[in-house]
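Contents: one structure, followed by commentary.
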Amino acid sequence: MKEKISIEYSIYESISSIEPTQQELLQSAYNSSKNAYAPYSHFNVGAAILLEDQTIICGNNQENASYPCGICAERNAIHNVRANYPDFKIHSIAITTFRLLKQSIPATPCGLCRQVLSETEQNNGSVIELILGHPEGKVFIFNSCQSLLPLAFQSKNLFN
Numbered sequence: 024m025k026e027k028i029s030i031e032y033s034i035y036e037s038i039s040s041i042e043p044t045q046q047e048l049l050q051s052a053y054n055s056s057k058n059a060y061a062p063y064s065h066f067n068v069g070a071a072i073l074l075e076d077q078t079i080i081c082g083n084n085q086e087n088a089s090y091p092c093g094i095c096a097e098r099n100a101i102h103n104v105r106a107n108y109p110d111f112k113i114h115s116i117a118i119t120t121f122r123l124l125k126q127s128i129p130a131t132p133c134g135l136c137r138q139v140l141s142e143t144e145q146n147n148g149s150v151i152e153l154i155l156g157h158p159e160g161k162v163f164i165f166n167s168c169q170s171l172l173p174l175a176f177q178s179k180n181l182f183n
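Note that the sequence shown covers residues 24 to 183 in our numbering.
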């Protein structure tokens, strides 16, 4: 038997085409990317999370000479929320790079971040909107983080 998984998302030609709260979140992620510590890759990434009370929490990538010790912007922001706002639900997350990429699609989360985003959404009890883009480029919006990792490993897999 064959099955098919499809991913649905919206593409906007510019930041001006999205909702004001989405614009603010993407701009916050961009501003956060300016403070990334990326002396090895020179690939600054920023993430901004909008909580249910409209608080915005940011994170950026932090590299280390011992590469596995670094952390991506998405996980930096998510762990900040878990540590400091554990009872708040996440409404959405925006992710961007400091440099506008030449490719036609924005940067997307790595596999580790996709797994963490998926579990965060599962624990959230409701979908988390995912905004990928750049203030000077296209914007992709996914209704759910799980769109990027549809068959994610879940905590329930540990207890079977």
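By construction, the Cβ of each residue, glycine as well, lies at the ideal position given by its N, Cα and C atoms.
From a predicted model like this one, the values you see are computed outputs, not experimental measurements.
Contact belief for residue i with residue j at Cβ below 8 Å, rounded distance in angstroms
{"i": "L153", "j": "F165", "result": "4 Å"}
{"i": "T120", "j": "F66", "result": "7 Å"}
{"i": "L49", "j": "I38", "result": "6 Å"}
{"i": "Y60", "j": "S170", "result": "At roughly 29 Å, the Cβ-Cβ gap does not stay under 8 Å, so Y60 and S170 are not in contact."}
Beta-bridge partners of residue i, as assigned by DSSP
{"i": "F111", "result": "For F111, which the question treats as bridged, DSSP gives no partner whatsoever."}
{"i": "Y35", "result": "V162"}
{"i": "T120", "result": "V68"}
C-beta neighbour in chain B for residue i, strict 8 Å
{"i": "K112", "result": "Absent from the structure is chain B; it holds one protein chain and no more."}
Three-state secondary structure assigned by DSSP to residue i
{"i": "S167", "result": "coil"}
{"i": "Q85", "result": "strand"}
{"i": "L181", "result": "helix"}
{"i": "A130", "result": "coil"}
{"i": "S29", "result": "coil"}
{"i": "P20", "result": "Residue numbering for the chain in the displayed model covers 24 to 183; residue 20 lies beyond these limits and cannot be assessed."}
{"i": "R172", "result": "Sequence check: residue 172 is Leu here, not Arg. Coil."}
Continuous beta strand (DSSP E) stretch holding residue i: start and end
{"i": "G93", "result": "Here G93 belongs to no beta strand (DSSP E), and DSSP marks it neither H nor E."}
{"i": "G156", "result": "152 to 156"}
Opening and closing residue of the alpha helix (DSSP H) in which residue i lies
{"i": "S141", "result": "134 to 147"}
- [ ] Could I get the ranges of all uninterrupted beta strand (DSSP E) runs contained in the stretch 50 to 80, with 3 residues as the minimum, in chain order?
- [x] Within the stretch 50 to 80, the complete beta strand (DSSP E) runs of at least 3 residues are 68 to 74.
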